[in-house]
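**Student:**
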Amino acid sequence: MMSSAEPFDVAIAGAGPAGTSAAIRLALNGARVLLLEEKKFPRAKLCGEFISPECISHFQQLGVMDQMLSAGASSLRETVFHSARGHKVAVPSEWFTAGATALGLSRSEMDQRLLERARAVGVMVLEGAHAAGVILENDFVCGVKVKTSTEANEYRARLTIDATGRTRALARHFDPESNSRSSKGRRGLVAFKAHLENTGVVPGACEIYFYRGGYGGLSQIEDGLSNLCFIVSASDVRRRGSDPDRVLREVVMQNSRAAKTLEQARLCSPWLSVSLEGFGRRILTPARGLLTIGDAASFIDPFTGSGMLMALESGQVVADTIVSQLGFGGEAQTVELVAREYEREYTRRFDSRLRVSGLLRRAAFVPHLAESAILIFGTSAHLRRKLARATRRTNSGQSPASSS
Ligand SMILES: Cc1cc2nc3c(=O)[nH]c(=O)nc-3n(C[C@H](O)[C@H](O)[C@H](O)COP(=O)(O)OP(=O)(O)OC[C@H]3O[C@@H](n4cnc5c(N)ncnc54)[C@H](O)[C@@H]3O)c2cc1C
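Residue numbers (the numbering used here): 256 to 659.
(1) Taking the alpha-carbon positions, what's the SER363 to PHE314 distance?
(2) For PRO557, is the beta carbon positioned less than 8 angstroms from some heavy atom of ligand 1?
(3) Please determine, among ALA625, THR634, VAL611 and GLU626, the residue with the shortest C-alpha to C-alpha distance to ALA643.
(4) Run the CB neighbour count on ASN510, radius 10 Å, all protein chains shown included, and call it buried at 16 or more, exposed below.
(5) Got a sec, what are the start and stop residues for the alpha helix (DSSP H) ILE538 sits in?
(6) Using a Cβ-based criterion (distance less than 8 angstroms to any ligand heavy atom), does CYS484 qualify as near ligand 1?
(7) Where does VAL573 land, buried or exposed, given buried means 16+ other C-beta within 10 angstroms?
(8) Can PHE296 and ARG411 be called in contact, C-beta distance under 9 angstroms?
(9) Skipping 5 residues on each side, what residues in its chain have a beta carbon closer than 8 angstroms to that of LEU381?
(10) Checking 9 angstroms against the spacing of the C-beta atoms, do GLY420 and GLY633 come in under that value?
(11) Is ASN482 buried or exposed, if buried means 16 or more other CB atoms sit within 10 Å of its CB?
(12) Please find out if some non-hydrogen atom of ligand 1 comes closer than 8 angstroms to the beta-carbon of GLU505.
(13) What residues are listed by DSSP as bridge partners for ALA449?
(14) Roughly how many angstroms lie between the CA atoms of GLU598 and MET563, to the nearest whole one?
(15) Check whether chain D comes within 9 angstroms of GLU349, counting only Cβ atoms and requiring the distance to be less than that.
(16) The alpha helix (DSSP H) with GLU349 in it runs from where to where?
(17) Could you check whether the Cβ of THR419 sits closer than 8 angstroms to any heavy atom belonging to ligand 1?
(18) At a threshold of 8 angstroms, does ILE548 count as lining ligand 1 (C-beta to nearest heavy atom)?
(19) With a 10 Å radius around its C-beta and 16 neighbouring C-beta atoms as the bar for buried, classify GLN519 as buried or exposed.
(20) Excluding five sequence neighbours on each side, which residues of the same chain lie with their C-beta closer than 7 angstroms to the C-beta of ARG639?
(21) Identify every run of the alpha helix (DSSP H) within the stretch 334 to 421, keeping only runs that are complete inside it and at least 4 residues long; order them along the chain.
(22) Considering just the uninterrupted stretch of the beta strand (DSSP E) at CYS523, what are its terminal residues?
(23) Which residue comes first and which comes last in the alpha helix (DSSP H) that contains GLU568?
(24) Give me, in chain order, the residues of the same chain whose beta-carbon lies closer than 6 angstroms to that of VAL578; leave out the 5 immediate sequence neighbours on both sides.
(25) Put VAL288 into one of helix, strand or coil per three-state DSSP.
(26) From which residue to which residue does the alpha helix (DSSP H) around THR516 run?
(27) Are the CB atoms of ALA513 and HIS337 within a distance shorter than 9 angstroms?
(28) Is it the case that the Cβ atoms of ALA594 and PHE465 are separated by a distance below 9 angstroms?
(29) Do ASP394 and ALA542 have their C-beta atoms within less than 9 angstroms of each other?
(30) Comparing alpha-carbon positions, which option in SER348, ALA489 and GLY469 lies nearest GLY560?
(31) MET500 lies in the alpha helix (DSSP H); which residues open and close that run?
(32) So, with DSSP's three-state summary, where would you put LEU302?
(33) Using 10 angstroms around the beta-carbon of GLY496, count the other beta-carbons present and answer buried if the total reaches 16, otherwise exposed.
(34) If you draw a straight line from the alpha carbon of GLY354 to that of SER307, how long is it in whole angstroms?
(35) Please say whether LEU369 and ILE279 have beta carbons closer to each other than 9 angstroms?
(36) Do the stretch 383 to 393 and the stretch 517 to 534 touch if we need at least three Cβ pairs shorter than 8 angstroms?
Rendered as structure tokens:
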């Protein structure tokens with residue numbers, strides 16, 4: 256086993272949008288940052304690939320906006336929700352950020368560009384590096400244990416961040432809830448995703464389809480392709496022999512609009528699938544010296560199209576907190592101050608959004624409720640706008656763009 260002699264200021268496990276957002280911001284402020292990613296990029300990722308308009312200001316701050324556009328991101332001007340019985344309601348992207356559109360771009364392109372930027376600003380990036388556990392001394396996390404295909408290493412750091420998404424690879428060792436949540440997930444929901452060509456999706460729209468037991472989203476990404484991502488009940492998947500094509504035809508395409516837009520579509524990538532564990536807030540500071548961000552901190556319902564925003568934004572919150580509280584010579588006492596301040600700011604920013612999404616989730620998974628909600632919200636643009644913005648609001652009522 257090898258170990259690095261000089262400790263890093265911050266070690267981050269996971270190079271999704273949360274990990275790279277934190278890493279780039281910390282490195283730009285002079286921190287020595289280690290970023291570990293178990294996959295080799297570019298890699299496909301199960302996601303709706305709808306990048307909400309508020310992410311654009313994050314891309315600008317991180318210095319990757321031009322790279323996202325040159326990767327061929329499509330502009331998405333509105334999200335249109337289609338009920339199972341053919342009713343629809345539209346939410347314009349500019350309700351979230353005046354004058355902006357959302358973007359459609361594959362995660363393999365988006366995440367790759369963020370990772371390249373992290374390297375360019377001086378982050379030490381290790382790909383193919385699995386964060387296997389933490390270095391624990393006197394109940395204090397002092398870094399991370401890493402396995403590659405050839406060796407095992409230990410990297411010491413003053414602070415360690417778990418940005419490994421819903422797997423919570425480091426935090427789950429300290430989280431008694433973890434096991435019960437994963438067993439719930441196996442009984443509950445499964446998500447699928449693939450890239451398609453020749454769909455009938457309206458260019459410039461992200462279309463959301465509701466059907467019995469779930470919902471799916473279809474929108475254009477780069478190279479004239481569309482991304483289809485849908486959530487269904489695990490029992491529906493089992494009944495169809497876990498065959499994604501059958502699930503698509505027999506469950507998703509029961510929605511009349513989905514049946515139309517997907518009728519002539521051809522698959523251009525393998526299906527990805529994952530079972531979904533619980534939604535909502537998790538533990539932000541599972542141990543002294545360890546913080547969680549992105550999906551490792553909270554999983555917001557995908558129909559809000561704001562998971563990547565929360566990932567980028569929580570990366571910003573943690574980086575700002577570390578820079579303002581710690582400088583880069585922190586002792587144990589200071590690290591605990593960082594944890595307290597991070598929890599306070601995180602709660603202020605995200606708890607209200609998570610509450611609203613939790614309420615909407617009930618409607619999303621019950622067909623007649625989703626139907627009624629689409630009918631009611633279809634009658635009033637004012638109501639629709641209020642509800643859409645509530646999925647982004649901070650506790651003090653601001654939108655993320657105005658509170659950053
Ligand atoms: C079905 C579905 C649809 C969605 N659609 C959208 C959408 O359209 N728009 C949107 O904004 N959000 C969407 N989301 C949410 C969005 O995907 C997440 O919120 C976002 O990816 C979270 O980013 P993250 O950086 O926290 O985690 P992730 O993106 O999950 O990144 C975590 C990274 O950590 C790496 N990793 C994991 N374990 C280890 C380990 N032990 N060691 C090292 N590295 C590790 C992984 O390989 C990965 O690269 C969707 C989610 C689901 C489930």
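Glycine residues also receive a C-beta, built at the ideal position from the N, C-alpha and C atoms. Since this is a predicted model, take the numbers as computed values, not measurements.
**Tutor:** Looking at the atomic coordinates:
(1) 16 angstroms
(2) At least one heavy atom of ligand 1 is nearer than 8 angstroms to the Cβ of PRO557, so yes.
(3) Considering only alpha carbons, the answer is VAL611.
(4) buried
(5) First-last for ILE538: undefined, no H or E at that position.
(6) yes
(7) buried
(8) no
(9) These residues qualify, in order along the chain: LEU289, LEU290, LEU291, GLU292, VAL401 and THR403.
(10) no
(11) buried
(12) Every heavy atom of ligand 1 is 8 angstroms or more from the Cβ of GLU505, so no.
(13) LEU483
(14) Their backbone Cα atoms lie some 19 angstroms apart in a straight line.
(15) Absence of chain D from the displayed structure is noted, only one protein chain being present.
(16) Premise fails: GLU349 is in no alpha helix (DSSP H) and is neither H nor E.
(17) yes
(18) yes
(19) exposed
(20) Contacts found: VAL344, VAL346 and PHE632.
(21) As summarised for the stretch 334 to 421, the continuous alpha helix (DSSP H) elements at least 4 residues long and confined to that stretch are 362 to 375, given in chain order.
(22) Premise fails: CYS523 is in no beta strand (DSSP E) and is neither H nor E.
(23) 562 to 581
(24) ASN284
(25) strand
(26) 511 to 517
(27) Going by C-beta atoms, HIS337 is nearer than 9 angstroms to ALA513.
(28) no
(29) Yes, the Cβ-Cβ distance between ASP394 and ALA542 is below 9 angstroms.
(30) SER348
(31) Inspection of the sequence shows that residue 500 is occupied by Asp rather than by Met. DSSP places ASP500 in the uninterrupted alpha helix (DSSP H) bounded by 499 to 505.
(32) The question names Leu, but residue 302 is Cys in the sequence shown. Here DSSP, grouped into helix, strand and coil, assigns CYS302 to coil.
(33) exposed
(34) 13 angstroms
(35) yes
(36) no
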